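Numbering (our numbering), first residue to last: 6 to 235.
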Amino acid sequence: MTAERAPVGARHVAIIMDGNGRWAKKRHLPRAVGHQRGVEAVREVVRAARTMGLEALTLYAFSTENWRRPEEEVSALMGLLKRYIMADLEEFVANNVRLRIIGNYKSLSADIVTLLDDALARTAGNDGTTLAVALNYGSQDEIARAAARAAAEGAITPEAIAAQLDTADLPPLDLLIRTSGEIRLSNFLLWQAAYAELWFTDVLWPDFTPAHLQAALEDFAARERRYGGR
Ligand code: IPE
Ligand code: IPE
Ligand code: MG
């Protein structure tokens, strides 16, 4: 299937889905409602990535720093994650979507680990769009783990580290999107973003639609990537 895709445009897009809290605050709603609406945006954007034929979409769902949030918010986020995977797993299976998790998800609660392991196993053979969810993910943690593994194998070179990153089986990152007007990476894909194109929007994540993704991809297509050459 991969060979049938048009070779133009972005292969791998990643998104820092930010602004759920501000979206809720603007409407005098609890933050959890913002996160719920954020899941709706995820669902539509994942569908769009699939119908657009993206090879990989990586979504920043929970960072290693997000543990600093109140326990109530952390458990609301974990509950939403669980419900999203449970609700959409059959759709992934039916539509050839391969689920991947990046980050230290094995240290999450046992019920989530079991659910994710099952979802990973059930979609492992799919070769359509890969949906990579970054969970308990921090890029510095990822690079440190990768460097330790590279060292254990004898060579700390950029290639050896890259081969040990959580994203090693994904295409190179082409486009990194962040919503909500913040212009920072917040410990997301620091290594992989070395030559990615960056796209920032003030749109808050729950308001982000496939049309915004399309706009980002159109901007991407018009950019000239030079990788240091000339
Ligand atoms: C993004 O929305 C969701 C996660 C970080 C999990 P936020 O919760 O960070 O929303 P803001 O930044 O407070 O608006
Ligand atoms: C980044 O958003 C993490 C996720 C989207 C999961 P944050 O809201 O946590 O980032 P900061 O704290 O504003 O940098
Ligand atoms: Mg935020």
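Ideal placement from N, C-alpha and C gives every residue a C-beta, glycine not left out.
As the structure is a computational prediction, the values presented were derived from the model and not from experiment.
{"Asked": "CA-CA distance, Asp146 and Trp196?", "Found": "11 Å"}
{"Asked": "Skipping 5 residues on each side, what residues in its chain have a beta carbon closer than 7 Å to that of Arg154?", "Found": "Gln169"}
{"Asked": "What would DSSP say about Ala173, mapped onto helix, strand or coil?", "Found": "coil"}
{"Asked": "Which full runs of the alpha helix (DSSP H) of 4+ residues lie inside the segment 33-74, going along the chain?", "Found": "36-57"}
{"Asked": "Residues around ligand 1, please: the condition is that the C-beta lies closer than 7 Å to some non-hydrogen atom of it.", "Found": "Met22, Asp23, Gly24, Asn25, Gly26, Arg27, Trp28, Arg36, Gly39, His40, Gly43, Ala66, Phe67, Ser68, Asn71, Leu82, Ser185, Leu209, Trp210"}
{"Asked": "From Pro176 to Pro211, what does the alpha carbon distance come to, in whole angstroms?", "Found": "27 Å"}
{"Asked": "In chain order, what residues of the same chain lie with their CB nearer than 8 Å to the CB of Ala54, ignoring the 5 residues before and after it?", "Found": "Val18, Leu62, Thr134, Leu136, Leu218"}
{"Asked": "Assign Val98 to one of three DSSP states: helix, strand, or coil.", "Found": "helix"}
{"Asked": "If we count the other Cβ atoms within 10 Å of its Cβ and call it buried at 16 or more, is Trp72 buried or exposed?", "Found": "exposed"}
{"Asked": "To the nearest whole angstrom, what separates the beta carbons of Ala221 and Leu180, a pair I think is in contact under 8 Å?", "Found": "6 Å"}
{"Asked": "Less than 7 Å between the CB of Ser80 and some heavy atom of ligand 2, yes or no?", "Found": "no"}
{"Asked": "From Ile161 to Ala152, what does the alpha carbon distance come to, in whole angstroms?", "Found": "7 Å"}
{"Asked": "Indicate the three-state DSSP secondary structure (helix, strand or coil) for Thr128 in the structure shown.", "Found": "helix"}
{"Asked": "For Glu229, which residues does DSSP report across the bridge?", "Found": "Answer is none; Glu229 lacks a bridge partner."}
{"Asked": "Determine the direct distance from the alpha carbon of Arg235 to that of Val98, and round the result to whole angstroms.", "Found": "44 Å"}
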